[in-house]
Amino acid sequence: MTTVPAIRGKIGNIEYYQCTMNAHDLITRTQNATEYFSKEDWKEMGDWGKNQREVDKRYLKLIAPYILRDKDRFFNSFIVKYDSSLAKFTSVGEEPIKDKDGKYEKVSDKLSFEKQDILNEIGFLNIKDKGTMVVLDGQHRLRAIRAVIRPSDQETKDLNKIMEKNGEQELLKNDNGCSTDMYSVIFVNLDDRTQERKLFTDINTYAKVIGKKEQAMLSETDGYYKICQKMGEDDRPIPYNLIYSNSTSLPDGAAAICTLHHLANMVEKISIAAGPIYKFNRNIRQPKEIIEKAGELARIWLREFFTSVDAYKYILDKYVPGEKPNYIVDLRKKDSKDKWGLLLKPLPQIALVDAIIFLKRESDLDDNQIYAKINKIDWSYDKKSQFENMVITPESNILTGGKITARLTNMILFWVLGKKKFTETVGQEVLDSLISDYNTVNLNNVKEFPEVRKR
């Protein structure tokens, strides 16, 4: 028998017990929902249930390594179905004690009236050593803890490969204290399978996973996000007010140059281009000195970028601290007279950074020549623009995805380098693909990719 401290509570019709359990007891006395619900149960839960039926391998790729590498780890509460045949709650308030005359009284009777009810909700959960209760929320965390403390042969092999790939084989020599961790566990008392299925789907439906916006602003692990957080503190390379942090997309009405999320993507590309030492695993905390060095390299690069591209230089020159730069909204418009519209959208910014990194490394153009050619490009995206169908829909909506980003990067390179140098440095195969894409989306049959339209 295992006894753990517990507090009894109730939400709606559901009674529950909030407990703490050590890692060993947790993995010994619980099982995954995937091992508990029948095929009929999953069918009742519909398409969502089908997706949840199999435990995703991320428990080995992300969560187990997190346990092994991080002493500052923390998890939300596990939610477990309470089984009255395996566990019983006993209230401290109901415990009998002897008085001075040898008579038995309840503990709660020895307290003042206002404290009696409170003490009756505090007690212990006694759990039998045989049998297991199902985890309704925390399946992946549970599997990760098991894999760290008591892995199967296959998990041992898989985890070895994962840690070796990250250069973290040394971490497998011990469990990093996981076996002595104390976890928060909530046992919920449910009446039947219908209620069990409902709670399982409700928990996973209404749980909010931290988004990329929050990751960018709060992450202590991702090196590129950490660099951008530092940039926000000292307004380098651009004022923080010109970086949009409310979401990972940049609304047309946002008075900002770029998003914090996409700035981190730029920093990642710039850092990797500076050397393999700055190619970070975004799930592993990097040494402070490496982060600082990569951050300074990124700041220098981006400072040049934002002061050499005319659209961004214009914004920085006009910017007044404390005043909202609403003029950026007008510059972003598809038919803006300045013809910079596309430069104020995230995907083209990423494509442009990719192109400049390539030009600096592979071409014979110096920095001034590179930026001079970029500044001659007409970046407007109104009807019949040079980006229509290739990057922008006829309705002026930007296309998305890695393929579109790469396509725009190659378009920029072609316009900056010209056909001859593009073929020499990028390759004929890439040019043929660019021409093929252009013919496909425009229903044309041209032999040459169109020359750049200038501002």
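Straight run, no breaks: the sequence shown in numbering that gives the first Met the number 0 ends on number 454.
Even for Gly, the Cβ is constructed at its ideal location relative to N, Cα and C.
Values in this document were obtained by computation on a predicted structure and should not be read as measured data.
Can you give the Cα-Cα distance for Lys-375 and Arg-454, rounded to whole angstroms? Working through the sequence shown from its first residue, we reach residue 375 at position 376. Working through the sequence shown from its first residue, we reach residue 454 at position 455. Approximately 6 Å between the Cα atoms of the pair.
The alpha helix (DSSP H) that contains Ser-307, what's its start and end? Numbered from 1 along the sequence shown, position 308 holds the residue referred to as residue 307. Residues 287-307.
Decide if Ser-379 is buried, meaning its Cβ has at least 16 other Cβ atoms within 10 Å, or exposed. Taking the first residue of the sequence shown as position 1, residue 379 is located at position 380. Ser-379 is buried by the Cβ-count criterion.
Nearest by alpha-carbon distance to Gln-17: which of Arg-284, Gly-11 and Pro-4 is it? Residue mapping note: residue 17 aligns to position 18 of the sequence shown, counting from 1. Of the listed residues, the one whose Cα sits closest to Gln-17 is Pro-4.
In or out: Gly-252 buried (at least 16 other Cβ within 10 Å) or exposed? Taking the first residue of the sequence shown as 1, we reach residue 252 at position 253. So Gly-252 counts as exposed.
Inspect the beta-carbon positions of Ala-255 and Phe-186 and report whether they are closer than 9 Å. Numbered from its first residue, the sequence shown carries residue 255 at position 256. Numbered from its first residue, the sequence shown carries residue 186 at position 187. No; because the gap between Cβ atoms is not below 9 Å, this pair is not in contact.
Are the CB atoms of Gln-30 and Met-132 nearer to each other than 9 Å? The residue you call residue 30 lines up with position 31 of the sequence shown. The residue you call residue 132 lines up with position 133 of the sequence shown. For Gln-30 and Met-132, yes; Cβs fall inside 9 Å.
By a C-beta neighbour count over all protein chains shown, 10 Å radius and 16 as the cutoff for buried, is Leu-351 buried or exposed? The residue given as residue 351 occupies position 352 in the sequence shown. Its Cβ being crowded by 16 or more others within 10 Å, Leu-351 is buried.
Specify, as a first and last residue, the run of the alpha helix (DSSP H) that Leu-124 falls within. Position 125 of the sequence shown, counted from the start, is the residue given in the question as residue 124. Premise fails: Leu-124 lies in the beta strand (DSSP E), 121-126, not in any alpha helix (DSSP H).
Might you give, ordered along the chain, the residues of its own chain that have their beta carbon closer than 8 Å to the beta carbon of Pro-500, omitting 5 neighbours on each side? Only positions 0 to 454 of the chain appear in this structure, which leaves residue 500 out of reach.
I need the straight-line Cα distance from Glu-14 to Gly-274, nearest angstrom please. For this step, residue 14 is matched to residue 15 along the sequence shown. For this step, residue 274 is matched to residue 275 along the sequence shown. The alpha-carbon atoms of Glu-14 and Gly-274 are separated by roughly 56 Å.
For chain B, find out if any of its Cβ atoms is closer than 9 Å to the Cβ of Lys-287; answer yes or no. Absent from the structure is chain B; it holds one protein chain and no more.
9 Å Cβ cutoff met for Lys-70 and Val-134: Working through the sequence shown from its first residue, we reach residue 70 at position 71. Working through the sequence shown from its first residue, we reach residue 134 at position 135. The answer is no: Cβ separation not under 9 Å.
Along the chain, where does the alpha helix (DSSP H) containing Pro-345 start, and where does it finish? One-based indexing of the sequence shown puts residue 345 at position 346. Counting along the chain, the alpha helix (DSSP H) containing Pro-345 begins and ends at 345-361.
Quick one: what's Met-0 bridged to in DSSP? Stepping through the sequence shown from its first residue, residue 0 is reached at position 1. Note: Met-0 sits in no beta bridge, so no partner.
So what does DSSP say about Ile-226, is it helix, strand or coil? Counting from 1 along the sequence shown, the entry for residue 226 is found at position 227. Residue state, collapsed to three classes: helix.
Under three-state DSSP, which class holds Phe-279? To locate residue 279, count along the sequence shown from 1; it is residue 280. DSSP places Phe-279 in coil when its eight states are reduced to three.
Grouping DSSP H, G and I as helix and E and B as strand, with all else coil, what is Asp-337? As a working note, residue 337 is residue 338 in the sequence shown. Of the three classes helix, strand and coil, the one that applies to Asp-337 here is coil, per DSSP.
Nearest-angstrom Cα separation, counted from Lys-9 out to Asn-159: Your numbering for residue 159 matches position 160 in the sequence shown. Your numbering for residue 9 matches position 10 in the sequence shown. If I take the Cα positions, the gap works out to 43 Å.
Nearest candidate by alpha-carbon position, reference Leu-118, set Arg-7, Asp-128, Asp-316 and Gly-11: Indexing the sequence shown from 1 puts residue 118 at position 119. Among Arg-7, Asp-128, Asp-316 and Gly-11, the Cα nearest to that of Leu-118 is on Arg-7.
Got a sec? Which residues, its chain only, sit under 7 Å from Pro-150 by beta carbon, not counting five neighbours each side? Numbered from its first residue, the sequence shown carries residue 150 at position 151. Around Pro-150: Leu-158.
I'd like the list of long-range same chain contacts for Ile-314, defined as Cβ closer than 8 Å, with 5 residues on each side in sequence excluded. Translated into positions along the sequence shown, residue 314 becomes position 315. Excluding positions up to five away in sequence, the list reads Leu-241, Ile-256, Pro-324, Tyr-326, Ile-327 and Leu-330.
So, for Ile-369: in the same chain, excluding its five sequence neighbours on each side, which residues have a beta-carbon less than 8 Å away from its beta-carbon? For the purposes of this step, residue 369 is taken as the residue at position 370 of the sequence shown. Closer than 8 Å at Cβ, skipping near neighbours: Ile-355, Leu-358, Lys-359, Ser-362 and Val-415.
Lys-446: buried (16+ other C-beta within 10 angstroms of its C-beta) or exposed? Numbered from 1 along the sequence shown, position 447 holds the residue referred to as residue 446. With fewer than 16 Cβ atoms within 10 Å of its Cβ, Lys-446 is classed as exposed.
C-beta contact flag for Thr-2 and Arg-28 at 9 Å: Reading the sequence shown from its first residue, position 3 is the one you call residue 2. Reading the sequence shown from its first residue, position 29 is the one you call residue 28. No, the pair does not count as a contact, with Cβ atoms beyond the cut-off.
Under 9 Å between the Cβ atoms of Gln-153 and Met-162? Within the sequence shown, the letter at position 154 stands for residue 153. Within the sequence shown, the letter at position 163 stands for residue 162. For Gln-153 and Met-162, no; Cβs fall outside 9 Å.
Give the DSSP-derived three-state secondary structure of Glu-14 in the structure shown. Numbered from its first residue, the sequence shown carries residue 14 at position 15. If DSSP states are grouped into helix, strand and coil, Glu-14 belongs with the strands.
Residues that DSSP places opposite Pro-88 in a beta bridge: As a position in the sequence shown, residue 88 is number 89, starting the count at 1. Contrary to the premise, residue 88 reads as Phe rather than Pro in this sequence. DSSP output for Phe-88 lists Leu-124 as bridge partner(s).
Secondary structure of Glu-219, DSSP reduced to three states: Taking the first residue of the sequence shown as position 1, residue 219 is located at position 220. Of the three classes helix, strand and coil, the one that applies to Glu-219 here is coil, per DSSP.
Using 9 Å as the threshold, is the C-beta distance between Phe-73 and Phe-123 below it? Counted from its first residue, the sequence shown places residue 73 at position 74. Counted from its first residue, the sequence shown places residue 123 at position 124. Against a cut-off of 9 Å, the Cβ pair of Phe-123 and Phe-73 comes out as no contact.
Could you pull the start and end residues of the beta strand (DSSP E) that Met-181 belongs to? Walking along the sequence shown from the start, residue 181 turns up at place 182. Its beta strand (DSSP E) spans residues 181-188.
Through-space distance from Leu-262 to Arg-482, alpha-carbon basis: With the chain running from 0 to 454 in the structure shown, residue 482 is simply not present.
Work out the CA separation of Leu-170 and Ala-143 for me, nearest whole Å. As a first step, residue 143 must be located in the sequence shown, where it is residue number 144. As a first step, residue 170 must be located in the sequence shown, where it is residue number 171. If I take the Cα positions, the gap works out to 15 Å.
Would you kindly check if the distance between the Cβ of Ala-272 and the Cβ of Ser-244 is under 9 Å? Reading the sequence shown from its first residue, position 245 is the one you call residue 244. Reading the sequence shown from its first residue, position 273 is the one you call residue 272. No, they are not a contact pair.
Would you list the one or two residues that DSSP bridges to Asp-136? Within the sequence shown, the letter at position 137 stands for residue 136. According to DSSP, Asp-136 bridges with Ile-78.
Taking only the alpha-carbon atoms, compute the straight-line gap between Gln-194 and Gly-340 and give it to the nearest angstrom. The residue you call residue 194 lines up with position 195 of the sequence shown. The residue you call residue 340 lines up with position 341 of the sequence shown. Taking the straight line joining both Cα atoms gives about 53 Å.
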